[in-house]
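Undergrad: Residue numbering for the sequence shown follows the working numbering, beginning at 482 and increasing consecutively.
Below you will find the structure I want to go over with you.
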Amino acid sequence: GALLVGAMLGQAGSRAALLDTLQSTGRQSDEAAAMRLALLGSAVAVRSMGLQTTVEGVQKDEAEAKRQRAAYLAERAKLEAGGLDATEREMFARLAEIDGQMDKHFKEAVDLAAQFNGEQAAAVILTKIDPLLAKANALLGDFIQLQTAHTAAAVAQTHRHNNTVLTGVTVA
Numbered sequence: 482g483a484l485l486v487g488a489m490l491g492q493a494g495s496r497a498a499l500l501d502t503l504q505s506t507g508r509q510s511d512e513a514a515a516m517r518l519a520l521l522g523s524a525v526a527v528r529s530m531g532l533q534t535t536v537e538g539v540q541k542d543e544a545e546a547k548r549q550r551a552a553y554l555a556e557r558a559k560l561e562a563g564g565l566d567a568t569e570r571e572m573f574a575r576l577a578e579i580d581g582q583m584d585k586h587f588k589e590a591v592d593l594a595a596q597f598n599g600e601q602a603a604a605v606i607l608t609k610i611d612p613l614l615a616k617a618n619a620l621l622g623d624f625i626q627l628q629t630a631h632t633a634a635a636v637a638q639t640h641r642h643n644n645t646v647l648t649g650v651t652v653a
């Protein structure tokens, strides 16, 4: 009887750990997806800004790009505060480097667009901002894949634990 109770408690602990992992990786994947959406929204706004022909249009798109950037940074802060493993911290350090470069180029594009220098603004967007956006997007994709791998590993560990417990109960 004691073995059966121990096996049942072990399974409950295993299920609780699995549930924690599933909730954590699901939340982290959702936050990374929100970061990707904000990046995309920011890219669209920056592009629109370069096409504007009025100061108000440039200011409206600049404000939207800044709003999207703020949303991106807020999601990044949530992910970092939620606890990252060493691999994830390294990914986010690379993201921070990319963000710093993007911010500098964004300011340059805004200045050019505000001067209605659309050609040069477009050149900054295409040659400097776009490649950085692609890198950030790829890193976020890798992060989401890593969360999927964490989930698969937790499920496999739970199955191994449950099979070991069931074998132990059967033998007893």
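Ideal placement from N, C-alpha and C gives every residue a C-beta, glycine not left out.
From a predicted model like this one, the values you see are computed outputs, not experimental measurements.
1) If we ignore side chains and look at the alpha-carbon of each, how far apart do Asp611 and Ala497 end up?
2) Is the Cβ-Cβ distance between Ala552 and Phe587 less than 8 Å?
3) Sort Gln540, Gly531 and Glu561 by Cα distance to Ser505 and report the nearest one.
4) Kindly indicate which residue of Arg528, Phe624 and Ile606 has the alpha-carbon position closest to the one of Lys585.
5) Quick one, are the C-beta atoms of Gln533 and Ala594 less than 8 Å apart?
6) So the alpha helix (DSSP H) Thr568 belongs to, where does it begin and stop?
7) Is the beta carbon of Glu556 sitting closer than 8 Å to the one on Glu600?
8) Would you check if the distance between the CB atom of Leu518 and the CB atom of Asn618 is smaller than 8 Å?
9) Need the endpoints of the alpha helix (DSSP H) that Leu560 sits in, please.
10) Out of Ala558, Leu620 and Arg641, which has the shortest C-alpha to C-alpha gap to Glu660?
11) What separation, rounded to the nearest whole angstrom, lies between the Cα atoms of Leu627 and Leu565?
12) Round the Cβ separation of Asp542 and Ser529 to the nearest angstrom and send it over; I've been treating them as touching at under 8 Å.
13) In chain order, what residues of the same chain lie with their CB nearer than 8 Å to the CB of Thr639, ignoring the 5 residues before and after it?
14) Val539: which of Ala590, Phe624, Val636 and Gly622 sits nearest, CA to CA?
15) Do you know offhand how far Met516's Cα is from Ala635's?
16) What separation, rounded to the nearest whole angstrom, lies between the Cα atoms of Ala574 and Asp623?
TA: Taking the structure as given:
1) Distance between the alpha carbons of Asp611 and Ala497 is about 43 Å.
2) Not in contact: Ala552 and Phe587 (Cβ atoms no closer than 8 Å).
3) Comparing Cα-Cα distances from Ser505 to each of Gln540, Gly531 and Glu561, the minimum goes to Glu561.
4) Taking only the C-alpha atoms, the option nearest Lys585 is Ile606.
5) Between Gln533 and Ala594, the gap from beta carbon to beta carbon is short of 8 Å.
6) Residues Ala567 to Ala595.
7) Not a contact, by the Cβ cut-off of 8 Å.
8) No. Outside cutoff.
9) Secondary structure note for Leu560: its alpha helix (DSSP H) is the uninterrupted segment Val536 to Ala562.
10) No answer is possible for residue 660: the residues shown for the chain start at 482 and end at 653.
11) Cα to Cα, Leu627 sits roughly 11 Å from Leu565.
12) Between Ser529 and Asp542 the Cβ distance is about 4 Å, and since that is below 8 Å, they are a contact.
13) Closer than 8 Å at Cβ, skipping near neighbours: Ser495, Arg496, Ala498 and Leu499.
14) Nearest option by C-alpha distance: Ala590.
15) C-alpha of Met516 to C-alpha of Ala635: approximately 25 Å in a straight line.
16) Rounded to whole angstroms, Ala574 to Asp623 spans 14 Å at the Cα level.
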